[in-house]
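Report on one structure; see the data block that follows.
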Amino acid sequence: MKYQESSEDIVARIKEQADIVKVVSECVDLKKSGTRFLGLCPFHGEKTPSFTVHPGQQFFHCFGCGESGDVFSFLMKYHHLDFPSALKELARRYQIELPDKPRSAAEEKMMRRRQAMFAVNEKCAGIFGRFLVEAPGAAAARGYLERRGVGESIRDLFRIGYAPSTEVAGWEFLARQLEPGEKQVAEELGLLVRKDGGGAYDRFRDRIVFPIFDVQGRVVGFGGRILGEGQPKYMNSPESPVFNKSRALLGLFQQADAIRRLRQAIIVEGNFDLISLVERGFGNVVAPLGTALTREQLRLLHRSAEEVILLFDGDTAGLKAAMRSAPLVFAEQMVGRVALLPSGHDPDTFVRHEGVEALQRIISQAQPLPEFILESLVREHGLGLDGKMKIVQELRPLVEAASSPLQRSVVLAHFSEKLGIPAGQMETFWVMPDREGVDGRRQKVPPPAVGKRNQSKEMAMSSAQCHLVSFMILHPPFFTRLADASLRDYLSGTVGEVLFLHMQSILAEKDIVEPEELLSLLPEGDERNLVAEILLKASGQAAGLDVTIAPEEELKELLDWLRRQILQRRSLELQQKIMDFQSQGDTAGLHLLVIEKQEIDRQLQGVDG
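Under my numbering, the first residue of the sequence shown is numbered 6, with each subsequent residue one higher.
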């Protein structure tokens, strides 16, 4: 070749040469129907063909479940591949040579570090698993699992293990079986805890151990349930470069096919709730890792499911968990329903005592989220004047979590009709200078309806924001440091924030994300166009970046600049609040604001100096 092809050129060339009909035909029985091909969808169960492949436009679409995409998307969805793997597979089939992409020293270091962590996690999972199955010292653990109805097949599916007590195996059961280099990695992962006098002891002791997998089946962390008395009852391994508990779901790897086929996921709260339901034939169950459900976890589910059912305990804690989760489900534009169990039961105890059919009835009768939220609030506050005012106030986070103007309008109209309050009055009641959103950030209240053109204009970025987004996309190893520096806050309300969230989700699962992968995963629109534009400029000066500056040096400059911008923004916000408090005569609140502003201004002087 006489010129250096860009990454986008190579992706386009592979896509042009790949025969999507031939690729799909290896997995689906297709029959020609006019200019298209028709078959049974491989992504959901159906008896009447609704899956179409269009050779001219090189894409597929299912009218039954809505799955669609190009040849890369099909390979990724059907064979559970990431984008680089799908790219390599098609390049191999069509004999297209892929150039070796050079990595920076920082990228190589990060990749090696993550690979070492995955390897140590895998080895430790094997150690815990073998001890549970083979060791005489694990007899009590095996008996405990048997009493809870956990059979051998489920134990093997989830690779459940046991970390022995100190009485059985001492304080260094795990440490003794690791090489010196592996011990150092295990300390970084939090599986070993360093002693003051040297050496390290095991974090997990006398616990049933559940390996936690990412969507590719790699062990990223562990959860442990104490076998005897003691606290905490449940414990996760600490977060690490490969493990973030807010971006992982227990059971998602094992249950992915069933969730994709049913387009539905049942969310339970506990590890044994999940295990017990899977043991009894519920194939689409997942569980958060001892924390409240997060937007990132829902985003993972949304790749395979359109609907989530929140199956929670019927006590006060279960009600609160469902109320907390509702805005997140709306923000992700998923269909949500709530199934509450009788008080005193969790999914595990209920299915063991009442049976599978009884639990299926409760799930089938699950309430749509809007009805559940409204009924719960009416029970709590009543429908008197004061009660309605409280209900309207508590409905605000749910309505404002709606991700699209259409969804917001529909939800608002539904609550307006049920309460007998005009939608306009409800919005007037909510209007304030700013609000606290689903994720705790301050942001403006969106208008009730925004057209496509206005929405794009509102999401436009300044040149400075474009600069930061370009650096973020072209240098993924530095994403965490940009995120820690509040990049998302600086990009709030722009197309850059949407890209930030996509990268956050992808990097939770992969060692290195290729910029081209975003092109395959993003829908048509502003986000995808921006990534394509950045890639086109990447071979020269990407969005104004000075390619003569080493990425590490530019990162430092960008972080300093970003910190300065955020401090300046906060200083202006405090100044406005101080003026408001002065006009209201609130001297107590004023004093605290002045102290905070002085501290912010002091930090600003340090940055500028």
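We treat Cβ as the ideally placed atom computed from N, Cα and C, and that holds for glycine.
Please read all numbers here as calculations on a predicted model, not as lab measurements.
Under the DSSP assignment, Leu403 falls in the alpha helix (DSSP H) whose first and last residues are 390–405.
Of the residues Pro246, Leu324, Glu311, the one whose Cα lies closest to the Cα of Glu337 is Glu311.
In the pairwise beta carbon analysis, the stretch 257–277 is classified as touching the stretch 316–329: at least three pairs are separated by under 8 Å. Between Phe335 and Ala428, the C-beta gap is not smaller than 8 Å, which leaves the two residues out of contact.
In the three-state scheme derived from DSSP, where H, G and I count as helix and E and B as strand, Ser38 is classed as strand. Secondary structure note for His59: its beta strand (DSSP E) is the uninterrupted segment 56–59. Shortest Cα-Cα distance from Lys37 to any of Glu21, His49, Ala23, Pro54 involves Pro54. Per DSSP, reduced to three states, the secondary structure at Met122 is helical.
Looking only at Glu284, Val503, Pro246, Ser467, the smallest Cα-Cα distance to Gln260 is reached by Glu284. Closest in C-alpha terms to Lys582, from the list Gln570, Phe277, Gln573, Val599, comes Val599. Non-local C-beta neighbours of Glu177 in its own chain, meaning closer than 7 Å and more than five positions away in sequence, comprise Tyr206, Asp207, ordered along the chain.
Taken atom to atom, the span from the alpha-carbon of Leu424 to that of Pro402 is near 17 Å. When the Cα atoms are used, Leu232 and Pro141 turn out to be separated by approximately 16 Å. Across the structure, Phe218 and Arg41 are spaced so that their CA atoms are roughly 39 Å apart. Between Val313 and Gly341, the alpha-carbon positions lie close to 5 Å from each other. Taking a C-beta distance under 8 Å as the contact criterion, Ala297 and Gly229 do not qualify as a contact pair. Going by DSSP, Phe317 is part of the beta strand (DSSP E) stretching over 312–317. In this structure, Ala253 sits near Leu294, with a CB-CB distance shorter than 8 Å. Ranked by Cα distance from Ile15, the options Leu162, Ile101, Met81 are led by Ile101. In this structure, the CA atom of Leu504 is about 24 Å from the CA atom of Leu257. For the stretch 296–374, the full-length beta strand (DSSP E) segments reaching 3 residues or more read 312–317, 340–345 along the chain. In this structure, the straight-line span from the alpha carbon of Gly71 to that of Thr299 is close to 25 Å. Non-local beta-carbon contacts of Phe420 in its own chain, meaning distances under 6 Å to residues more than five positions away in sequence, involve Leu400 in chain order. For His596, the number of other beta carbons within 10 angstroms of its own is below 16, and it is reported as exposed. Under the three-state reduction of DSSP output, Asn276 falls in the helix class.
Tyr239 sits in a strand when the DSSP states are folded into three classes. DSSP, reduced to helix, strand and coil, places Gln269 within a strand of the structure shown. Between the alpha carbons of Asp565 and Val500 lies a gap of roughly 23 Å.
The shortest C-alpha to C-alpha distance from Lys602 to any of Gln610, Gly611, Arg575, Phe586 is the one to Arg575.
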